[in-house]
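Undergrad: Chains A and B supply the protein sequences, listed in that same order. Position in the first sequence (from 1) plus 563 gives the number in the numbering used here. Position in the second sequence (from 1) plus 563 gives the number in the numbering used here. Yeah, the Cβ is synthetic: ideal placement off N, Cα and C, and Gly gets one too. All values derive from a computational prediction rather than experimental measurement. For reference, the structure I am asking about is given below.
Protein chains: 2
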Amino acid sequence: VIALQLLEERILRDGQVKAGGILKVDSFLNHQIDTRLSYEMAREFYNLFAGCGINKILTIEASGIGLACLTGYVFGCPVLFAKKSRSANISADVYSAQVPSFTHGNVNTVMVSKEYLGSGDRVLIVDDFLATGAALEGLIKLVETAGGTVVGCGVAIEKAFQNGGELIRSRGYRVESLARIASMSESDGIEFCR
Amino acid sequence: VIALQLLEERILRDGQVKAGGILKVDSFLNHQIDTRLSYEMAREFYNLFAGCGINKILTIEASGIGLACLTGYVFGCPVLFAKKSRSANISADVYSAQVPSFTHGNVNTVMVSKEYLGSGDRVLIVDDFLATGAALEGLIKLVETAGGTVVGCGVAIEKAFQNGGELIRSRGYRVESLARIASMSESDGIEFCR
């Protein structure tokens, strides 16, 4: 559980609570990435999900990719990241889902090529944040539309005061969040769940 | 040089040359990511740039992030990725550059928070592809506007038949590409530089 301690300490030291319920952790998680911390988080996901037969990590661009790739490296399996726009070099044949973005204030169509997700896949979904759960729901939909199995979700920071985690767990999915924030405010700072 | 062999073999096995000069390698590099291969590439960047005093890896979202994070892990230093749009949780105080995208056919404003790039930084720029050089030029501009030093650029695949690599090297920057494609076509396949 060293990753959990490191992450909580780092959030308290470097995280900034901003207006509108935003937690700014871009000095170490989702703009600049502390790769040692991400590696420790990846190892913790491995501790939590080893033996579950995971053969693929799924995340969503862009801020989940770093943590997902270190997680894939630790698990020894490939990472697939859902794309937010169709580029010239993605296949036309995709699974897609609609994902509203809390921080960007828009709705993205996210997609993965059908070639890389199928009924044989046992997937760990990895993301940096869990708040409304919209991103995880979109990723779960991609896996299940492909006929694959969602083994669980590994999240760095859960805003437990929003209902996303509760919602997804209530539907029977295993969600492991390394830091769970019970409350946060500009005036009173950050409290973790205990 | 195991990374170079693995990468060339993988390009020949799984890469697909598409109309319009597109090399589709999204089964292992920029949609689905082979994390073992990326780790070997990261180790090769370390072999090439160890001892150069690099303290930060810079890349651009989204497809460079995975390789950059494994590279940062091997170097033991943080990764910074330039963002393509301003989100609610990025500082207003950014360095920015214009980057035309070859595969998406548009121009992106890419930006990094001024907090995370400065005059003390000795930066290795990492990206999955080098073709026109537009992305690397944008990233170089970000580093130099911040007063930092570009130690070099580490690229997975260079399309050496386009002039980006030549252009950037001619300006005095060290560019190391793990696979250099001399020519490619749908009919004749892929030839590497020797």
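1. Determine whether the Cβ of Val718(B) lies closer than 9 Å to any Cβ atom of chain A.
2. Given this structure, state the Cα-to-Cα distance separating Thr634(B) from Leu570(B), to the nearest angstrom.
3. Between the Cα of Ser746(B) and those of Tyr679(B), Phe724(B), Gly717(B), spot the shortest distance and give me the residue it belongs to.
4. Are Tyr636(B) and His594(A) touching if we call contact CB-CB under 9 Å?
5. Pick out the complete alpha helix (DSSP H) segments inside the stretch 610-657 of chain B, 4 residues or longer, and give them in chain order.
6. Between which two residues does the alpha helix (DSSP H) containing Thr708(A) stretch?
7. Take the Cβ of Lys647(A) as the centre, count every other Cβ of all protein chains shown within 10 Å, and call the residue buried at 16 or more, exposed below.
8. Check this for me: beta carbons of Glu754(A) and Gly715(A), under 9 Å apart or not?
9. Just the C-alpha distance for Leu600(B) and Ala566(B), rounded to the nearest angstrom, thanks.
10. Return no unless some Cβ of chain A is closer than 9 Å to the Cβ of Cys615(B).
11. Give the residues of chain A in contact with Gly752(B), contact being defined as C-beta atoms less than 7 Å apart.
12. Taking the alpha-carbon of Asn726(A) as reference, which of Leu699(A), Asp589(A), Leu630(A) has the nearest alpha-carbon?
13. By DSSP's criteria, Arg755(A) is part of a beta bridge. Which residues make up the other side?
14. Please determine, among Gly728(A), Asp691(A), Asn671(A), Ile731(A), the residue with the shortest C-alpha to C-alpha distance to Phe608(A).
15. If we ignore side chains and look at the alpha-carbon of each, how far apart do Ile617(B) and Arg685(B) end up?
16. What is the DSSP secondary structure of Ser750(A), reduced to helix, strand or coil?
17. Given that Arg599(A) touches chain B, what residues does it touch there, using C-beta distances under 8 Å?
18. Between Gln725(A) and chain B, is the shortest Cβ-Cβ distance under 9 Å, so that the two count as touching?
19. Straight-line CA distance for Gly762(B) to Lys619(A)?
20. Under the assumption that Ala605(B) contacts Glu749(B) (Cβ atoms under 8 Å), give the Cβ distance between them as a whole number of angstroms.
21. Between Ala742(B) and Ala719(B), which are expected to be in contact by the criterion C-beta below 8 Å, what is the C-beta distance as a whole number of angstroms?
22. Quick check on Val673(B): buried or exposed, where buried means 16 or more other Cβ atoms within 10 Å of its Cβ?
23. For Cys792(A), would you say it is in contact with chain B, using Cβ-to-Cβ distances shorter than 9 Å as the test?
24. By the 10 Å Cβ neighbour count, where 16 or more other Cβ atoms means buried, how is Val642(A) classified, buried or exposed?
25. Assign Cys632(A) to one of two classes, buried (16 or more other C-beta atoms within 10 Å of its C-beta) or exposed (fewer than that).
26. Answer yes or no: do Val670(A) and Leu705(A) have a C-beta to C-beta separation smaller than 9 Å?
27. Give me the Cα-Cα distance between Leu702(B) and Ser733(B), rounded to the nearest whole angstrom.
28. By the DSSP assignment, the alpha helix (DSSP H) with Ser733(A) in it spans what residues?
29. Measure the alpha-carbon distance for Ala613(B) versus Ile731(A) and round it to whole angstroms.
30. Does the distance from the C-beta atom of Gly717(A) to that of Ile688(A) stay below 9 Å?
31. Strictly below 7 Å CB to CB, what residues from chain A border Ser676(B)?
32. Is it true that the CB of Ser626(B) sits closer than 9 Å to the CB of Leu592(B)?
33. Please report how far the alpha carbon of Tyr736(B) lies from the alpha carbon of Ser590(B), in whole angstroms.
34. Is DSSP giving Leu687(B) helix, strand or coil here?
35. Note down, in chain order, each residue of its chain lying with its Cβ closer than 7 Å to the Cβ of Leu575(B), except the 5 sequence neighbours on either side.
36. For Leu621(B), which residues of its own chain have a beta-carbon under 6 Å away from its beta-carbon, when the five flanking residues on both sides are left out?
TA: Straight from the coordinates:
1. no
2. 16 Å
3. Phe724(B)
4. no
5. 628-638
6. 697-708
7. So Lys647(A) counts as buried.
8. no
9. 7 Å
10. no
11. Under the 7 Å cutoff, chain A gives no residues; its nearest Cβ is about 17 Å from Gly752(B).
12. Leu699(A)
13. Position check: residue 755(A) holds Phe in this sequence, whereas Arg was assumed. DSSP output for Phe755(A) lists Ile744(A) as bridge partner(s).
14. Asp691(A)
15. Linking Ile617(B) to Arg685(B) through their CA atoms gives a straight-line distance of about 5 Å.
16. coil
17. Tyr636, Gly639
18. no
19. Residue 762(B) lies beyond the range of chain B shown here (564 to 757); nothing can be said about it.
20. Not really, about 31 Å apart at Cβ, beyond 8 Å.
21. 7 Å
22. buried
23. Any answer about residue 792(A) is impossible in this case: the structure gives chain A only from 564 up to 757.
24. buried
25. buried
26. no
27. 17 Å
28. For Ser733(A), the enclosing alpha helix (DSSP H) covers residues 727-733.
29. 45 Å
30. Yes, the pair counts as a contact, with Cβ atoms nearer than the cut-off.
31. Asp589, His594
32. yes
33. 30 Å
34. strand
35. Ile753
36. Leu643, Val686, Ile688, Leu702
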